[in-house]
Amino acid sequence: MADGDVPERMQVAAFDEFGGPEVISLRMLPVPEVADDEVLIKVWSAGVGVWDAYERQGVLVPEGSEFPIVPGSDGAGTVVAAGSQVNNVAVGDLVYVSATTRPKGGFYAEYAVTKAQYAAKLPEGVPAEHAGAMPTDALTALAGLDTLSLPAGAWLLIFGASGGQGHLAVQLAKRLGLNVIAVASGRDGVTLVTRLGADVSLDGRGDLTEVLARIRDAAPEGVNGILAMAGGKTLDRLTEALADGGVVAYPHGVQPEPRERPGAQVRAYDGVADQEQMRRLNELIETAPFQVHVAETFPLGKVVEAHRRLTTSFPGKLLLTIR
Numbered sequence: 001m002a003d004g005d006v007p008e009r010m011q012v013a014a015f016d017e018f019g020g021p022e023v024i025s026l027r028m029l030p031v032p033e034v035a036d037d038e039v040l041i042k043v044w045s046a047g048v049g050v051w052d053a054y055e056r057q058g059v060l061v062p063e064g065s066e067f068p069i070v071p072g073s074d075g076a077g078t079v080v081a082a083g084s085q086v087n088n089v090a091v092g093d094l095v096y097v098s099a100t101t102r103p104k105g106g107f108y109a110e111y112a113v114t115k116a117q118y119a120a121k122l123p124e125g126v127p128a129e130h131a132g133a134m135p136t137d138a139l140t141a142l143a144g145l146d147t148l149s150l151p152a153g154a155w156l157l158i159f160g161a162s163g164g165q166g167h168l169a170v171q172l173a174k175r176l177g178l179n180v181i182a183v184a185s186g187r188d189g190v191t192l193v194t195r196l197g198a199d200v201s202l203d204g205r206g207d208l209t210e211v212l213a214r215i216r217d218a219a220p221e222g223v224n225g226i227l228a229m230a231g232g233k234t235l236d237r238l239t240e241a242l243a244d245g246g247v248v249a250y251p252h253g254v255q256p257e258p259r260e261r262p263g264a265q266v267r268a269y270d271g272v273a274d275q276e277q278m279r280r281l282n283e284l285i286e287t288a289p290f291q292v293h294v295a296e297t298f299p300l301g302k303v304v305e306a307h308r309r310l311t312t313s314f315p316g317k318l319l320l321t322i323r
């Protein structure tokens, strides 16, 4: 079934060679055809993530991609056509998508085709205008919490708590009944994680001896787990706050990778974008208002500026608005 108003061609941001932000430009391309297991989405917004920069640089290119490549694994919009085998979403649904493989192009476009298994209805409580920035980081944050598998009432330290994945992890962790110590970046970051419900909010740019003392005050027996969105010397110091047998979990791609230390386990994880995880994510989100913090929004025509902004520090996420 399809919406009759879909044009034959669409505006996209794409690149014909790997390189810096300047390789991306606007052009017109045909709207992709929809297979039986796929949906066509009229894109409202697309998240801008570090993985998009890796794709542009040629470091992490999705299987089946061909030039011109339209990046964007994160997006939200309205389903305007659905293949005959699709039963999880329908034409007219507002959906979010996290698609690591997308041979027909990504979400830096007016329309995008994805396998229906990567799409889910947008849950109540997420502002539709920010939904495109949520999918990959929210699913990755949930995978990190699954990796730690802490019981309700346990103490969790989130390092990098004001970043794209971190600020969503704070909200999901509170929904799972955890006590959250959020180590954020700068005053803006501390303000954000406090607003999102962290039990203790600390500035990771501050004096680490003082930060560790505050953590010990809150959790005298140590924290049970650390969710690490970044590595390096600050994280090495923070692991001193771990209780015996505590776990450090970090998403693949964090550099330098967290080091093993006596009495602690270190586990890496990846986000999982399947129907079961999306169902769990939606259930958690719908229990309370859920904020996707967007630091800056760019129209599609400013995509080069958005990719330049990726290399700077900011709380939350960057977003491209398409619609």
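If you use this note's numbering, the sequence shown corresponds to residues 1 to 323, in order.
Even for Gly, the Cβ is constructed at its ideal location relative to N, Cα and C.
- Beta bridge pairing from DSSP links residue 77 with 43, 95.
- Listed as beta-bridge partners of residue 155 by DSSP are 179.
- Scanning 90, 101, 81, 82 for the CA closest to the CA of residue 69 turns up 101.
- Ranked by Cα distance from residue 27, the first of 110, 140, 87 is 110.
- DSSP lists 246 as the bridge partner or partners of residue 264.
- In this model, residue 322 and residue 108 are separated by some 8 Å (Cα to Cα).
- Taking the C-beta atoms as reference points, residue 75 is found no nearer than 8 Å to residue 42.
- Measuring C-alpha to C-alpha distances from residue 83 to each of 152, 54, 35, 118 identifies 35 as the nearest.
- Considering only 252, 33, 176, 18, the residue with the shortest C-alpha distance to residue 10 is 33.
- Look at the beta carbons and you see the stretch 247-265 not touching the stretch 282-297: under three pairs across the two are nearer than 8 Å.
- Boundaries of the beta strand (DSSP E) around residue 296: 294-299.
- Setting aside the 5 residues that flank it on each side, residue 184 is surrounded in the same chain by 161, 162, 190, 193, each with a C-beta closer than 6 Å to its C-beta; the list follows chain order.
- Bridge partners of residue 12 according to DSSP: 27, 109.
- Under the criterion of beta carbons closer than 8 Å, residue 125 and residue 45 do not qualify as touching, at roughly 17 Å.
- Distance between residue 148 and residue 139, taken at the CA atoms: about 14 Å.
- The C-beta distance from residue 135 to residue 47 rounds to 7 Å, short enough to meet the 8 Å contact threshold.
- For the 8 Å CB-CB criterion, residue 118 and residue 97 form a contact.
- Between residue 234 and residue 248, the gap from beta carbon to beta carbon reaches 8 Å or more.
- Residues 2, 6, 31, 32, 34, 79, 80, 81, 82, 111, 112, 113 of the same chain have their beta carbon placed closer than 8 Å to that of residue 40, with the five preceding and five following residues left out of the count.
- A contact between stretches requires three or more CB pairs, one per stretch, nearer than 8 Å, and the stretch 168-188 fails this requirement with the stretch 249-258.
- In terms of CA proximity to residue 205, 186 leads the group 213, 186, 19.
- Apart from the 5 residues on each side of it in sequence, residue 152 sits with its Cβ closer than 8 Å to the Cβ of 176, 177, 178 in its chain, given in chain order.
- Residue 37 holds the alpha-carbon nearest to the alpha-carbon of residue 85 among 37, 91, 55.
- With fewer than 16 other beta carbons inside 10 angstroms of its own, residue 67 counts as exposed.
- Taken atom to atom, the span from the alpha-carbon of residue 170 to that of residue 228 is near 12 Å.
- A residue is called buried when at least 16 other Cβ atoms come within 10 angstroms of its Cβ; residue 313 does not meet this threshold and is exposed.
- Close CB contacts of residue 309 within its chain, under the 7 Å cut and outside five residues either way in sequence, are with 296, 318 (chain order).
- Going by DSSP, residue 34 is part of no alpha helix (DSSP H) at all; its letter is neither H nor E.
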